[in-house]
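Below is one structure, written out as structure tokens; the observations come after it.
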Amino acid sequence: MSLYVRSALFLIWFAAVSLVLNVVSLPLLLLPRRATIWMANKWARLLLFGLEHIVGLRMEVRGLAPKGAALIAAKHFSTWETIALLALLDAPAIVIKRELLWIPLYGWYSIKQGMIPIDRSGGANAIRRMHAAAKRAVNAAQPIVIFPEGTRTNPGAPPDYKPGVAALYAMLGMPCIPLAHNSGLFWAGGFLRKPGTIIVEFLEPIAPGLSRRAFMSELQTRLETATNALLKASH
13 MSLYVRSALF
23 LIWFAAVSLV
33 LNVVSLPLLL
43 LPRRATIWMA
53 NKWARLLLFG
63 LEHIVGLRME
73 VRGLAPKGAA
83 LIAAKHFSTW
93 ETIALLALLD
103 APAIVIKREL
113 LWIPLYGWYS
123 IKQGMIPIDR
133 SGGANAIRRM
143 HAAAKRAVNA
153 AQPIVIFPEG
163 TRTNPGAPPD
173 YKPGVAALYA
183 MLGMPCIPLA
193 HNSGLFWAGG
203 FLRKPGTIIV
213 EFLEPIAPGL
223 SRRAFMSELQ
233 TRLETATNAL
243 LKASH
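Using the numbering used here, the first residue of the sequence shown is number 13, and each one after it goes up by one.
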């Protein structure tokens, strides 16, 4: 079966699973948050199941996924990691663009799950709101996921880390766990999904208390080094 056919079949699987679960799960919005989190986890696992059995795209996890409250800084190549993190972590609060909350159904579920919206043009006020939402997530024992570059990038592109991750690191006073992966080689632009193995690697935490400059330097060095090694090994 050709790559195009497999990719098209997965797109149909993605749409069908998303439509059915989004509609059937609407009553869960009236129940405690855990019900919606459970649904999101099942949705993610079904999509990963489809990727493995339709496309031949598997996942390998290295390192230890944190349990409970944590700060995770992840590379962002594609939609894949936003799906996989819902399956790998328990009730993750992912920092997302505020505009995503305006999408019917998706936005409602994101709010219920405790996702953290950020207005990228909001300046200091946006950082304060992000901090307040992050504190609520910590109090609820949710791991917080932030993409340091703020948007998706292409594999091998020069890094462009934004200050939001340093703000969270300083304000929360928690270790930061870098998360490297190579999803961009398999889930790229368009609808093509390539067979292979996406490797997700939880790196050693960066201890709290570093200065902003030292933290950003350490995070970028660790995350880019590990990511580039995964990309190189997968070619």
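Beta carbons: idealized from backbone N, C-alpha and C, even for Gly.
This structure is a prediction, so every number in the text was calculated from the model and none was measured.
In three-state terms, what does DSSP make of M13?
In the three-state reduction of the DSSP assignment, M13 falls in the coil class.
Do K206 and L60 count as a contact pair if the criterion is CB distance below 8 angstroms?
no
Using C-beta distances below 6 angstroms, list every residue in its chain close to V212, excluding the 5 sequence neighbours before and after it, in chain order.
V73 and H193
Anticipated Cβ contact below 8 angstroms, S90 with G196, distance rounded
6 angstroms
Cut-off 8 angstroms between Cβ atoms - residues of its own chain near F159, not counting five sequence neighbours on either side:
A85, A86, K87, H88 and V107
Taking the alpha carbon of M71 as the reference point, which residue from S37, L97, M127 and I218 has its own alpha carbon closest?
L97
Taking only three categories from DSSP, how would you classify L43?
coil
Run through the region 45 to 127 for me and flag every whole beta strand (DSSP E) of 3 or more residues, listed as ranges in chain order.
69 to 74, 82 to 86 and 105 to 109
Whose C-beta lies closer than 7 angstroms to the C-beta of L12 among residues of the same chain, with five residues either side of it excluded?
Residue 12 is absent from the model: the chain starts at 13 and stops at 247.
Along the chain, where does the alpha helix (DSSP H) containing T237 start, and where does it finish?
R224 to S246
Who are the Cβ neighbours of F227 in its own chain at under 7 angstroms, not counting the five residues just before and after it?
A178, Y181 and I218
If we ignore side chains and look at the alpha-carbon of each, how far apart do L43 and W92 end up?
28 angstroms
R205 - partner residues in DSSP beta bridges:
W199
Is it buried or exposed, I11, if we count other Cβ atoms within 10 angstroms and call 16 or more buried?
The shown model of the chain, from 13 to 247, leaves out residue 11, and the question about it has no answer.
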